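Chemist:
4 protein chains.
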Amino acid sequence: MASKLIAIVAGVGAGTGASVARKFAKKYPVVLLARNPENFEGLANEINKSGGHAIGISADVSDSASVKSALEKVKQEFGQDVGAAAAIFNAAGGFLRKPFLELPEDVFNTSLNVSARGGLNFAQATLPLLLKGVELKSEHPPSLIFTGATASVKANALMASFATGKWALRALSQSLAREFGPQGVHVSHAIIDGVIDIPRTKGWLTELGPEAKLSADGIANDYWWLHTQPVTNFTWEIDLRPAIEKW
Amino acid sequence: MASKLIAIVAGVGAGTGASVARKFAKKYPVVLLARNPENFEGLANEINKSGGHAIGISADVSDSASVKSALEKVKQEFGQDVGAAAAIFNAAGGFLRKPFLELPEDVFNTSLNVSARGGLNFAQATLPLLLKGVELKSEHPPSLIFTGATASVKANALMASFATGKWALRALSQSLAREFGPQGVHVSHAIIDGVIDIPRTKGWLTELGPEAKLSADGIANDYWWLHTQPVTNFTWEIDLRPAIEKW
Amino acid sequence: MASKLIAIVAGVGAGTGASVARKFAKKYPVVLLARNPENFEGLANEINKSGGHAIGISADVSDSASVKSALEKVKQEFGQDVGAAAAIFNAAGGFLRKPFLELPEDVFNTSLNVSARGGLNFAQATLPLLLKGVELKSEHPPSLIFTGATASVKANALMASFATGKWALRALSQSLAREFGPQGVHVSHAIIDGVIDIPRTKGWLTELGPEAKLSADGIANDYWWLHTQPVTNFTWEIDLRPAIEKW
Amino acid sequence: MASKLIAIVAGVGAGTGASVARKFAKKYPVVLLARNPENFEGLANEINKSGGHAIGISADVSDSASVKSALEKVKQEFGQDVGAAAAIFNAAGGFLRKPFLELPEDVFNTSLNVSARGGLNFAQATLPLLLKGVELKSEHPPSLIFTGATASVKANALMASFATGKWALRALSQSLAREFGPQGVHVSHAIIDGVIDIPRTKGWLTELGPEAKLSADGIANDYWWLHTQPVTNFTWEIDLRPAIEKW
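So the sequence lines, in the order shown, correspond to chains A, B, C and D.
According to numbering that gives the first Met the number 0, the first sequence is numbered sequentially starting from 0.
According to numbering that gives the first Met the number 0, the second sequence is numbered sequentially starting from 0.
According to numbering that gives the first Met the number 0, the third sequence is numbered sequentially starting from 0.
According to numbering that gives the first Met the number 0, the fourth sequence is numbered sequentially starting from 0.
Following this line, the structure appears as structure tokens:
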């Protein structure tokens, strides 16, 4: 059996993660990681029924053992020599807009555990597969993409918990871009600067019209664009926002 | 006759400007601006012969009267009501790596005149056409793209002349992105962080292999990608560099 | 007894922390925090013998209970209504220059625990005393100062573990500066961009001469300068490096 | 006669420049540069009467010949071998908050001419004297300080004219810091992020109370602090804002 190239998406829910998974499933078998199987079951079914190939694995990115165990299941499914063409980290946690002295320690911890430790765990687990993808001469350079936010570059008042995790994740992505670019892996960071149009935000910003929120499918297209950049033209960072956003 | 949508490229030579013009010529009639007709004549012929439509106009971007006069010629050619789908500023000048106290004033002036004033003149002349493009409901949001460099974000020793113009141009692009995004025009800035593989750099970095230089066609693809982003997902800035580049 | 204003320094060793403590001890009673009493005992004696007032408390900044307990001891010593004129966070951990895939998870965890969580724990414990300092009309606006590094703004290859914690700490300092500035507390972040001249680095960079390393006493002077800025002129961030440093 | 060390301040008016001049006049003879003699005559008299030594020279920083001529007068006054301990560039121009397409070209040109070219002209004229100051072993490392603004790091909508000049000036200061730091000259950039309390702004922000504006004397103190940093601890950039400022 020929070696396979897969895509792995962490942080799959009803929003960006699902759009990204659908997009990459058009070319690669996709692995969907989420803590709660409810978050990937419907999506895996949808992709499998429409001609793609998806498997969901329950995993907690903040727990390195859980992530390693998930990767073991990936190898059982796709073979020990499986390579990855793409690994996309879309998990986040620890958002609570609150005066700092009222901020519960566990909100801060969740932000660091999911964004910073989660990013580390995911990168340490998937980079060997991405390097394998380089070896397997994947059509597009294997991509490791991290989802950031406004709070990745600006730490506003009352946003200390979320920003600390997001700044740490951006640092991780920059260090990895510098280390693994020369090895052929394309590491990117996307600053999502605005509200994404997903079921949870349905009622938000409606007064500003239909173009006030980022399209999740649009983000998926942008990640795909990053993925298809040749080895001579790697982008580390993009920012993305609705045209009408104030920034 | 239906209103036309065109693309305008300033700073056309044998490198990035030509690649960008060829790429955008697949969809739009293109206007090629350069001081010296030698820089656009061959390219205009090539595009016109291969089924596209290109005209070259001699213009000095650092001179507002020259840019205005070029835009008059554009309107004579394409009609007073012509709109622009894209305007790409690719001119630069004033590069001289030299101790500051030995830096001739005119090198510094050229950098400011071409990068900063040139960017201003080009933007003031093309934005009315880009806004017209919005009105004409161009398929993709009209795009104003500025080409930057490593020196746009880092002012190294001995690089004062080039960096001042490039930082000024980046400031211009950021202010325009904030002002014209809400009006439907997509303003972007691309940090080209490395040597571009063009005739002039043929012998450079050859010891590092064939992937040590940026592909000019790759840059053109990236500009096209920026152009096709929907109004919900605008990117202001991308960085671009070869995978092996140290940064 | 009149209410007291004290200074609290976390991360006291033979280097910057000691210099800072000596400097602030000229005006305020100082509390020295370190995990290991060996790190503060000599210094506390030295300050007490030379006319100042210092107490050392063993505390692990990465453990919120330990920091809270230390602050209880502070109140036992100085009174329940004690205010702080300055709180300086100088702890760091998790530095290991190593390929990412060989990076032990605990090094990464130490960086996040000491730099990010440590900063959080220290800030949550000391800000009530700093706000009390505002109420007590301290001569200089109460100051909360965080020590950063080159890795606070640049995440180089092989530096992922250290940079993630340091970027998170910088984010914390920026968010706190925005939240607590309007309440009268001056929050600052210092980017120490170079090797500090301390016993541990005695043999480093000697080939570059006596001015190749940062002076720890100089850093203390700079922190004092930050502390004495009036409420109309707050600096959030300074960078500090030897004149001959490449950057 | 022993060689002299002087301070040179460009952009002297009723505000920051005057405060800076008064501060540095306590230690050095000061040269006051302004286009209009009205801007320095009163101040020169005041300094000379209060025991200092000041001369005013009419100069247009945007004109290199005018700046060179002013430096000739400096040498006639203080000797051909005069050195500078400090040179402070405080000029700015081209501020006009206006839609970009209504922005007169000359406002943009004034910004580039005063901020960018002015910075260049001033630096090229004063650096030889600052290097002479190094040779003369000035007590504090000779300092070249540039005054920046919020618009030096953020180019908001409608602020294109001012931001382009200010970003260019910041680039200049960074390049010079890297080139001249190793030669012993301390180059700094101060981001003044707020309204300065000067006669012209008397009626501004009064609803926010007496601490809503930056103190010009405070800025002068901060510049003096930068000036007194030792060669082991140079700061390139500081930001300065009132505690209550939103940022």
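Where is the CB? At the ideal position from N, CA and C, for every residue including glycine.
In this text, all values refer to a predicted model and were calculated from it rather than measured experimentally.
Tell me the rounded alpha-carbon separation between C:Ala58 and C:Leu239.
Modeler: Each residue's alpha carbon lies about 28 Å from the other.
Chemist: Could one say the Cβ of B:Met0 lies closer than 7 Å to chain D's Cβ atoms, at least one of them?
Modeler: Here the model assigns B:Met0 a pLDDT of 39, short of 50, so the residue's position is not dependable, and the following value carries that caveat. Answer no: the Cβ-Cβ gap between B:Met0 and chain D never drops below 7 Å.
Chemist: Starting from A:Thr125, trace the alpha helix (DSSP H) in both directions and tell me its first and last residue.
Modeler: Run containing A:Thr125: Gly117 to Glu134, per the alpha helix (DSSP H) assignment.
Chemist: Which term fits D:Gly208, buried or exposed, when burial requires 16 or more other beta carbons within 10 angstroms of its beta carbon?
Modeler: With fewer than 16 other Cβ atoms within 10 Å, it is exposed.
Chemist: Since B:Thr163 meets chain D, which of its residues come closer than 7 Å, beta carbon to beta carbon?
Modeler: Within chain D, the residues near B:Thr163 are Ala115, Ala167, Ala170 and Leu171.
Chemist: At a Cβ cut of 9 Å, what residues of the stretch 221-245 of chain C count as close to chain D, listed as they run along the chain?
Modeler: Taking 9 Å as the Cβ-Cβ cut-off against chain D, the residues of the stretch 221-245 of chain C that qualify are Asp221, Trp224, Thr227, Gln228, Pro229, Val230, Thr231, Asn232, Phe233, Thr234, Trp235, Glu236, Ile237, Asp238, Leu239, Arg240, Pro241, Ala242, Ile243, Glu244 and Lys245.
Chemist: Identify every run of the beta strand (DSSP E) within the stretch 76-108 of chain D, keeping only runs that are complete inside it and at least 3 residues long; order them along the chain.
Modeler: The qualifying runs are 82-88.
Chemist: Answer with buried or exposed for C:Gln75, where buried requires no fewer than 16 other C-beta atoms within 10 angstroms of its C-beta.
Modeler: The residue is exposed, with fewer than 16 neighbouring Cβ atoms inside 10 Å.
Chemist: Quick one: residues in its chain with C-beta nearer than 6 Å to the C-beta of C:Gly12, no 5 flanking neighbours on either side, listed in chain order?
Modeler: Excluding sequence neighbours, C:Gly12 sits near Asn38.
Chemist: DSSP on D:Val11, reduced to helix/strand/coil?
Modeler: Three-state result, D:Val11: coil.
Chemist: Looking at the secondary structure, which residues open and close the alpha helix (DSSP H) in which A:His226 lies?
Modeler: Note, A:His226: alpha helix (DSSP H), Ala215 to Thr227.
Chemist: Which residue's Cα is closest to the Cα of B:Ile243: A:Ser114, A:Val186, A:Ser68 and A:Lys136?
Modeler: That would be A:Val186, whose Cα lies nearest to the Cα of B:Ile243.
Chemist: Select from the stretch 120-137 of chain B all residues with a C-beta closer than 9 Å to any C-beta belonging to chain D, and list them in chain order.
Modeler: Against chain D - using a Cβ distance shorter than 9 Å - the residues of the stretch 120-137 of chain B are Asn120, Ala122, Gln123, Leu126, Pro127 and Leu130.
Chemist: Quick one: Cα of A:Gly118 to Cα of A:Val66, how far?
Modeler: Each residue's Cα considered, the two are about 11 Å apart.
Chemist: Could you check if A:Ser49 is buried or exposed, using at least 16 other CB atoms within 10 Å of its CB as the buried criterion?
Modeler: The residue is exposed, with fewer than 16 neighbouring Cβ atoms inside 10 Å.
Chemist: For the alpha helix (DSSP H) that A:Ala266 lies in, which residues bound it at each end?
Modeler: The shown model of chain A, from 0 to 246, leaves out residue 266 of chain A, and the question about it has no answer.
Chemist: Rounding to the nearest angstrom, what Cα-Cα distance links A:Lys136 and D:Leu175 in this structure?
Modeler: Distance between the alpha carbons of A:Lys136 and D:Leu175: 45 Å.
Chemist: As a quick exercise: from C:Glu236, C:Ser61, C:His226 and C:Lys245, pick the residue whose alpha carbon is nearest that of C:Ala83.
Modeler: The shortest C-alpha separation from C:Ala83 is found at C:His226.
Chemist: May I ask you to list, following chain order, the residues of the stretch 196-215 of chain C that have a beta carbon less than 9 Å from some beta carbon of chain D?
Modeler: Under the 9 Å Cβ criterion, the stretch 196-215 of chain C contributes Asp196, Pro209, Glu210, Ala211, Lys212, Leu213 and Ser214.
Chemist: For the candidate residues D:Ala115, D:Glu104, D:Val19 and D:Thr205, whose alpha-carbon lies nearest to that of B:Thr109?
Modeler: Nearest option by C-alpha distance: D:Ala115.
Chemist: Of all Cβ atoms in chain C, is any one closer than 7 Å to the Cβ of A:Leu111?
Modeler: Output row for A:Leu111: interface = yes.
Chemist: Beta-carbon within less than 7 Å of A:Glu210's beta-carbon, same chain only, minus the 5 sequence neighbours each way: which residues are those?
Modeler: For A:Glu210, where only same-chain residues beyond five positions count, the Cβ hits under 7 Å are Pro241, Ala242 and Ile243.
Chemist: Starting from the C-beta of C:Glu236, find all residues in its chain whose C-beta is less than 6 Å away, skip the five residues before and the five after it, and write them out in chain order.
Modeler: Excluding positions up to five away in sequence, the list reads His188.
Chemist: Please look up how many angstroms separate the CB atoms of D:Pro141 and D:Val184, rounded, as I've assumed it's under 8 Å.
Modeler: D:Pro141 to D:Val184, Cβ: 5 Å. Contact.
Chemist: Smallest Cα separation from D:Phe99: which of D:Leu157, D:Ala170, D:Lys22 and D:Gln182?
Modeler: It is D:Leu157 whose Cα lies nearest to the Cα of D:Phe99.
Chemist: If you draw a straight line from the alpha carbon of D:Phe107 to that of A:Ser160, how long is it in whole angstroms?
Modeler: Roughly 41 Å separates the two Cα atoms.
Chemist: When you compare the CB positions of B:Leu204 and B:Gly164, do they come within less than 7 Å of one another, or not?
Modeler: No, the Cβ-Cβ distance between B:Leu204 and B:Gly164 is not below 7 Å.
Chemist: List the residues of chain B that D:Ala156 touches, going by C-beta distances under 7 Å, in chain order.
Modeler: Ordered by position in chain B, the residues that pass the 7 Å Cβ test against D:Ala156 are Ser174, Arg177 and Glu178.
Chemist: How many angstroms separate the CA atom of C:Ala69 from the CA atom of C:Arg21?
Modeler: Whole-angstrom Cα-Cα distance: 20 Å.
Chemist: Which of the three DSSP states is assigned to A:Glu236 in this structure?
Modeler: In the structure shown, A:Glu236 sits in a strand (DSSP, three-state: E or B).
Chemist: Assign C:Ala211 to one of three DSSP states: helix, strand, or coil.
Modeler: It is coil, neither helix nor strand.
Chemist: What did DSSP end up calling C:Val186 once you bin it into helix, strand or coil?
Modeler: In the structure shown, C:Val186 sits in a strand (DSSP, three-state: E or B).
Chemist: Between A:Asn89 and A:Tyr222, what straight-line distance do the alpha-carbon atoms span, to the nearest angstrom?
Modeler: C-alpha separation (whole angstroms): 11 Å.
Chemist: Determine, using beta carbons only, whether D:Lys67 comes closer than 7 Å to chain B.
Modeler: So no, D:Lys67 is outside the interface.
Chemist: Could you check whether the Cβ of D:Ala148 sits closer than 7 Å to any Cβ belonging to chain B?
Modeler: Output row for D:Ala148: interface = no.
Chemist: What separation, rounded to the nearest whole angstrom, lies between the Cα atoms of D:Phe233 and C:Asp192?
Modeler: D:Phe233 and C:Asp192: Cα-Cα distance of roughly 10 Å.
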